[in-house]
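The block underneath contains the structure these notes are about, expressed in structure tokens.
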Amino acid sequence: MNHMTHAEPSADLATITADVLFYATGGCAFGTVLIARSVKGVCAILLGDDARALEDDLARRFPHSTLVPNEVMVRDDMAKVARYADKPSDGLDLTLDMRGTPIQRRVWNALRSIPLGKTRSYMQVARLINAAYPQVAARIVANACAANPLALVIPCHRVIRADGELAGYCWGLERKRELLEKEARA
């Protein structure tokens, strides 16, 4: 992991590449949040209970990037995420740098079409991406959800099992339940 201890907020943005990620951790209604952004946009919103564990997760997800702690660079994004966590009905409008395989991005775009307060099964999302073999594609959808680095803005928490039960959520089932309940009330 390439990790810098700190950076000047006035870094010349014209010379910074997308391989440099600025990040910071903070608190929100769903626990600790880590937000990372490149010069292109937000590429990670990670949820958890421990800032160090979130930093390790960021390093695992972006092993070839230089990670630079810098609260100034993500201040506005952090404020938007905190507002969304408090009041999901206001929406979450961020410039994104979605990094993933073509099929992951296809699934993630389909997830973004699930309305606030609604859920879809893995099979329903497979149909949304026009998968030729929905049974196989449901597994692809599950894998794309597990790889999602953009909690909240790519709402993988809105994907549930066909029987209506909650299934895996890399940031914890209790957090998934909280998100769904809060969005249902919005």
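The numbering used here puts the first residue of the sequence shown at 23, with every later residue one more than the last.
Quick reminder that beta carbons are idealized off the backbone N, C-alpha and C, glycines included.
1. Can you grab the Cα-Cα spacing for the pair Leu138 / Ala208, in whole Å?
2. In chain order, what residues of the same chain have a beta carbon less than 6 Å from the beta carbon of Ser118, not counting five sequence neighbours either side?
3. Tell me, please, which residues DSSP counts as bridged to Leu43.
4. Is the CB-CB distance between Leu69 and Arg180 below 8 Å?
5. What span of residues does the alpha helix (DSSP H) with Leu150 cover, start to end?
6. Short check: CB of Leu202 to CB of Phe52, under 8 Å?
7. Assess, as a yes-or-no matter, whether the region 106 to 121 is touched by the region 170 to 185 under the definition of 3 or more beta carbon pairs within less than 8 Å.
8. Considering only the alpha carbon of each residue, which of Asn152, Leu133, Tyr144 and Phe44 lies closest to Ala160?
9. Considering only their Cβ atoms, is the gap separating Asp78 from Thr54 smaller than 8 Å?
10. Only counting the same chain, and skipping five residues up and downstream in sequence, which positions put a Cβ closer than 6 Å to that of Ala104?
11. By alpha-carbon positions, which one of Lys140, Gln146, Val163 and Arg74 ends up nearest to Arg199?
12. Let me make sure I understand the geometry here. Which of Gly48, Thr47 and Ala81 has the alpha-carbon closest to that of Asp41?
13. Leaving out five residues on either side along the sequence, give the residues of the same chain with a beta carbon under 6 Å from the beta carbon of Leu150.
14. Check this for me: beta carbons of Leu56 and Phe84, under 8 Å apart or not?
15. Under the DSSP definition of a beta bridge, which residues are partnered with Arg59?
According to the structure data:
1. 8 Å
2. Reading off the sequence shown, one finds Leu at residue 118, where the question assumed Ser. Correct list, in chain order: Gly63 and Val64.
3. Residue pairing by DSSP puts Leu43 in a beta bridge opposite Leu89.
4. no
5. Tyr144 to Leu150
6. no
7. yes
8. Tyr144
9. Taking 8 Å as the cut-off, the Cβ atoms of Thr54 and Asp78 do not count as close.
10. Cys50
11. Lys140
12. Ala81
13. Ala132
14. no
15. Phe44 and Val64
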